[in-house]
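Enquirer: Residues 1 to 288 in full-length UniProt numbering are what the sequence shown lists, from first letter to last. Glycine included, C-beta positions come from ideal geometry on N, C-alpha and C. Please read these numbers as outputs of a predicted model, since none were measured by experiment. Once you've had a glance at the structure underneath, I'll fire off some questions.
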Amino acid sequence: MNIVTIHRVLFIIFAFVVFVFNQLNIALTHSSNPYGLPVLLALIAIGTIGISHGALDGKIIWESSNDIFRKLRIYSLYLLLSFLGALLWYLYPLVGLSILLFISVIHFGNSDLYDPKGMKDITKKTWGFSVTFMPTLFYKSDVADIFMKLTGYMFSETLMTLIQFITALTIAIFFLNLMNEKITNSKIIILEMVSLVVIAAYLHPIEWFAIYFCGLHGIRALINGGFKVFPDILWLMAFTLPVIFAVYMILGETGAFIITDLLVVFPILASLTIAHMLLRKIIKIING
């Protein structure tokens, strides 16, 4: 059993614990107040633990060349792409959200299913689409509200119902494709998807995304990247501490906050993901 399989098993167990605690009213629930403390904690987790796995990009850039000027050029281009992504979201938030959702489908599929080898691209894409839009299966109105707060655009009931239907269909296609492929540990991967669907039925979309993004995607990305406790933990800390400080500044001493203040993690996620996905190509262009 390799480390990715171990992580899959541990995540399935964790999801089961979340489900049991939820049934016992011990853990997070989808309460009448959609933006209470659990959502606040989820947003903080996404902005710190979740996004921090991309901090290893700094290590990749540092090790990409022995020439300090090439490193600076790679880093500068990386920052430029991140800035342009953030600027695009600021000027055209609906376009920014659309790009985030599109790259999420590609990125989540390729990263989460990086192992095992030999999996068909359509299976990865259906996984990526499923986890990107899964909360719409049970809480499409809440998802529409989040989209509205992010973009100022009200998504129609018809559109959200269509997304909900396509998501359900995509999950079914994922199961069918995976069962027809001769892939190692396919049953565990199916259980992993089932566990995500089950907890999505009981958690607010932001709470669910925090568990997926931090507990599954983030850790899986670190495993795929060959994470080592030292010195890689230093890269994560260097990235995470400024974000924690920014959250503290937003909340202030009283801890009062407006949900739209912390939803800024999604534009940040979008701008960083664009640069993150293109990093290898940036390095190849600069190094020749």
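1. Taking all protein chains shown into account, do 16 or more other C-beta atoms lie within 10 angstroms of the C-beta of Trp95, making it buried, or fewer, making it exposed?
2. With DSSP as the reference, label Ser65 as helix, strand or coil.
3. Alpha carbon to alpha carbon, how far is Ile166 from Thr132?
4. When you compare only the Cα positions, how much space is there between Ala210 and Ile46?
5. Output the boundary residues of the alpha helix (DSSP H) element that contains Tyr139.
6. Applying the 10 Å Cβ sphere with the 16-neighbour rule, what's the burial state of Asp112?
7. What three-state label does DSSP hand Gly226 in the structure shown?
8. I need the boundaries of the alpha helix (DSSP H) containing Pro177, first residue and last residue.
9. Could you tell me the alpha carbon to alpha carbon distance between Val197 and Ala172, rounded to whole angstroms?
10. Which class does Ala15 belong to by DSSP, given the choice of helix, strand or coil?
11. Taking contact to mean 3 or more Cβ pairs, one atom from each stretch, closer than 8 Å, check whether the stretch 148-164 and the stretch 117-128 are in contact.
12. Touching or not, the stretch 271-287 and the stretch 67-83, by the rule of three or more beta carbon pairs under 8 Å?
Expert: This is what the structure gives:
1. The amino acid occupying residue 95 in the given sequence is Val; Trp does not appear at that position. By the 10 Å Cβ count, Val95 comes out exposed.
2. In the structure shown, the three-state DSSP call for Ser65 is coil.
3. The alpha-carbon atoms of Ile166 and Thr132 are separated by roughly 12 Å.
4. Taking the straight line from one Cα to the other gives about 6 Å.
5. Element bounds for Tyr139: 136-151.
6. So Asp112 ends up on the buried side.
7. Residue state, collapsed to three classes: coil.
8. In the sequence on display, residue 177 carries Asn and not Pro. Unbroken alpha helix (DSSP H) run through Asn177: 157-180.
9. When rounded, the separation of the alpha-carbon atoms in Val197 and Ala172 is 12 Å.
10. In the structure shown, Ala15 sits in a helix (DSSP, three-state: H, G or I).
11. Result no; under three Cβ-Cβ pairs closer than 8 Å.
12. With the rule of 3 Cβ pairs closer than 8 Å, the stretch 271-287 counts as touching the stretch 67-83.
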